[in-house]
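Right, here's the structure in full:
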């Protein structure tokens, strides 16, 4: 961000307008705990590099669990990126993750196929409670 104060002003105005703001790829790159303190964000997206390996890698599982707890303690919604297996989805539900994103739920598709997928997908008949706590 070339001018952080301009960026903060823009994000604050978007927040005031009701736009949901997310920190993407949290835990890698430029994401920082300082962003959680200083930006008007609503949700945090855990980077897929932690989520994809958490079933086999205890350190990644600890990072995911701690990130979910931290975000919830700050009043933020949590989205896990890179959910590719039922096991990962199940663990995230047990940890209280709010939403999941990844190939386990569905592959990328053209817009013209989305409506049919929504009608026919197993996800369309699963109650929200079941989705959040498998």
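Residue numbers (this note's numbering): 379 to 512.
For each residue, glycine too, the CB sits at the ideal point set by N, CA and C.
Could you check the C-alpha separation between residue 514 and residue 392 for me, to the nearest Å?
-> Past the edges of the chain, shown from 379 to 512, lies residue 514, and the structure says nothing about it.
Terminal residues of the beta strand (DSSP E) in which residue 422 lies | Stepping through the chain shown from its first residue, residue 422 is reached at position 44. That run of the beta strand (DSSP E) goes 421-424.
DSSP state of residue 431, grouped into three classes?
-> The residue given as residue 431 occupies position 53 in the chain shown. Here residue 431 sits in coil by DSSP.
Rounded to whole angstroms, what's the CA-CA distance from residue 424 to residue 403? Just pull it up for me.
-> On the chain shown, position 46 is the one that residue 424 refers to. On the chain shown, position 25 is the one that residue 403 refers to. Computed Cα separation, rounded: 6 Å.
Which residue or residues does DSSP assign as beta-bridge partners of residue 457?
-> Taking the first residue of the chain shown as 1, we reach residue 457 at position 79. In the DSSP output, where bridge partners are listed per residue, residue 457 has 423, 477.
Using a Cβ-Cβ distance under 8 Å, would residue 400 count as near chain D?
-> The structure shown contains no chain D; it holds only a single protein chain.
Ends of the beta strand (DSSP E) at residue 400?
-> Walking along the chain shown from the start, residue 400 turns up at place 22. Element bounds for residue 400: 400-404.
Helix, strand or coil for residue 472 per DSSP?
-> Position 94 of the chain shown holds residue 472. The answer is helix: DSSP assigns residue 472 an H, G or I state.
Residue 463 (DSSP reduced to helix, strand or coil) = Numbered from 1 along the chain shown, position 85 holds the residue referred to as residue 463. Here residue 463 sits in coil by DSSP.
Closest residue to residue 438 among 489, 480, 458, 394 (Cα-Cα distance) | Taking the first residue of the chain shown as position 1, residue 438 is located at position 60. Here the closest residue by C-alpha is 458.
If you follow the alpha helix (DSSP H) that residue 444 is part of, which residue opens it and which one closes it?
-> Residue mapping note: residue 444 aligns to position 66 of the chain shown, counting from 1. Run containing residue 444: 436-451, per the alpha helix (DSSP H) assignment.
For residue 480 versus residue 499, is the C-beta distance shorter than 8 Å?
-> On the chain shown, position 102 is the one that residue 480 refers to. On the chain shown, position 121 is the one that residue 499 refers to. The criterion of a C-beta distance shorter than 8 Å is not satisfied by residue 480 and residue 499.
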